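Reviewing the structure listed below.
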Amino acid sequence: MRYWLGASVLLAFGLFTLIGCHRSLPEAYGIYVDTNHGRLPLQGEAVVAAGNVLSSIAGLRGPIGPECSSLQDFIVYEKDVPPTTIGLARLEFAADGEVATFLSPTRIAVNLWVPKESIQLDVKPVEERRDMYIISPRKRLEKGFYALYLGSFGSAFGETNRVYDVVIGASKDFPSFQDRLELAKREAGKVTEQMNQILNKGDYGHLADVYRPDGRILSGEELQTFIKGNLTWLGSAGKVVKSEITTVNISDSGRSVQCAVKTTYEKVGVQNEALILKKIGDQYFVTQMH
Numbered sequence: 022m023r024y025w026l027g028a029s030v031l032l033a034f035g036l037f038t039l040i041g042c043h044r045s046l047p048e049a050y051g052i053y054v055d056t057n058h059g060r061l062p063l064q065g066e067a068v069v070a071a072g073n074v075l076s077s078i079a080g081l082r083g084p085i086g087p088e089c090s091s092l093q094d095f096i097v098y099e100k101d102v103p104p105t106t107i108g109l110a111r112l113e114f115a116a117d118g119e120v121a122t123f124l125s126p127t128r129i130a131v132n133l134w135v136p137k138e139s140i141q142l143d144v145k146p147v148e149e150r151r152d153m154y155i156i157s158p159r160k161r162l163e164k165g166f167y168a169l170y171l172g173s174f175g176s177a178f179g180e181t182n183r184v185y186d187v188v189i190g191a192s193k194d195f196p197s198f199q200d201r202l203e204l205a206k207r208e209a210g211k212v213t214e215q216m217n218q219i220l221n222k223g224d225y226g227h228l229a230d231v232y233r234p235d236g237r238i239l240s241g242e243e244l245q246t247f248i249k250g251n252l253t254w255l256g257s258a259g260k261v262v263k264s265e266i267t268t269v270n271i272s273d274s275g276r277s278v279q280c281a282v283k284t285t286y287e288k289v290g291v292q293n294e295a296l297i298l299k300k301i302g303d304q305y306f307v308t309q310m311h
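For the sequence shown, our numbering assigns the number 22 to the initial residue and increments by one for each residue that follows.
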């Protein structure tokens, strides 16, 4: 099933606004948003789709539009845009989704920001400005990633449709899948390096800074058992020379990371290992090692 969103609007036909008398209006055609930073033009970006010609899921890779702390309304100044086709959606990240095939529905990787909520709008034409409409959300918009669209958000697989996005908050809080992967890989490399140094030096007093199995801090007999096992392994394998993160998989929320690691030891050489990192608070910790 494609993500098709129809506009949810309240039109003020016949009640033309007198906005032009009380606020400045853009002279050039385009899409604009009035925010706490002033009026900002929206360049828009192409919707992409995951799936096939039978069924697809439409979304955005990530935000490219402006950031703001709050917004008042949008101005749509485009030719031949029926006001009933204007819509606004709040987006959420989808790691996967279900699409139809010739045989049966199947789950596929999506990794796009897709519509989560259709925002109700008031749409008002502007007096003496043909083709111009003021688009006002009917509720205060909270922190989030939003996209204004003309017609429908989605489009047929292989076709393109352009939407106009804006972030209330910080764009870094709504990263693309590729940005999520890069961040996860950097964090995994940093934590792995810190853990290698702790194990090589036998500095187990700082083990809890990077290693928390199942989210717990090792202590007492559990800690002693871990230390004994690690000393036995390093005694036969040698110290860690280096670790290379080869693959990274992240959860939908980005708070869990699975890593394949090639670790080189002084005596036994390269060993294929696996780590699971989880974000506890604002920091990633190794929670499982294999």
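Just so you know, even glycine gets a beta-carbon here, dropped at the ideal spot from N, CA and C. Note that this is a predicted model, so its numbers are computed, not measured.
**Prompt:** What number of angstroms, rounded off, separates the C-alpha of valine 282 from the C-alpha of glutamine 292?
**Reply:** 8 Å
**Asked** If we ignore side chains and look at the alpha-carbon of each, how far apart do threonine 268 and cysteine 280 end up?
**Response** 6 Å
**Request:** Could you give the DSSP three-state label for asparagine 182: helix, strand or coil?
**Result:** In this structure, asparagine 182 counts as coil in the three-state DSSP scheme.
**Request:** Report buried or exposed for tyrosine 50, applying the criterion of at least 16 other Cβ atoms within 10 angstroms of its Cβ.
**Result:** exposed
**Prompt:** With burial defined as no fewer than 16 other Cβ atoms inside 10 Å of the residue's Cβ, what is the status of phenylalanine 95: buried or exposed?
**Reply:** buried
**Request:** Could you tell me which of Leu202, Pro146, Arg207 and Ala115 sits nearest to serine 157, measuring between CA atoms?
**Result:** Pro146
**Message:** Using only CA atoms, which one of Asn251, Asp235 and Val289 lies nearest to threonine 308?
**Reply:** Closest by C-alpha distance to threonine 308, out of Asn251, Asp235 and Val289, is Asp235.
**Asked** Pick from Gly83, Asn182, Asp224 and Leu296: whose alpha carbon is nearest that of phenylalanine 198?
**Response** Gly83
**Item:** DSSP beta-bridge partners of alanine 70
**Value:** Note: alanine 70 sits in a beta bridge opposite Ala79.
**Prompt:** How would you call arginine 161, buried or exposed, if buried means at least 16 neighbouring beta carbons within 10 angstroms?
**Reply:** exposed
**Prompt:** Contact between the region 180-193 and the region 113-129: three or more CB pairs below 8 Å?
**Reply:** Too few Cβ pairs lie closer than 8 Å, so no.
**Asked** Is the region 93-109 close to the region 50-70, with three or more CB pairs under 8 Å?
**Response** yes
**CB contact flag (arginine 111, isoleucine 78, <8 Å)** = no
**Item:** Member of Val102, Ile266, Leu204 and Ile129 whose CA lies at the smallest distance from the CA of aspartate 152
**Value:** Checking every option, the nearest Cα to that of aspartate 152 belongs to Val102.
**Request:** Mark serine 264 as exposed unless 16 or more other C-beta atoms lie within 10 angstroms of its C-beta, in which case mark it buried.
**Result:** buried
**Item:** Nearest-angstrom Cα separation, counted from glycine 210 out to lysine 100
**Value:** 51 Å
**Message:** What does the alpha-carbon distance come out to for the pair asparagine 270 and aspartate 200?
**Reply:** 13 Å
**Request:** Report yes if the CB atom of glycine 175 is closer than 8 Å to the CB atom of valine 68, and no otherwise.
**Result:** yes
**Item:** arginine 151 - DSSP class collapsed to helix/strand/coil
**Value:** Secondary structure at arginine 151: strand, using DSSP grouped into helix, strand and coil.
**Request:** Taking glycine 51 as part of the beta strand (DSSP E), name the residues at either end of that continuous run.
**Result:** 51-56
**Request:** Measure the Cβ-Cβ separation of arginine 150 and leucine 46 and say whether it is below 8 Å.
**Result:** yes
**Message:** Could you check whether glutamate 214 and leucine 298 sit closer than 8 Å to each other, using their CB atoms as the reference points?
**Reply:** no
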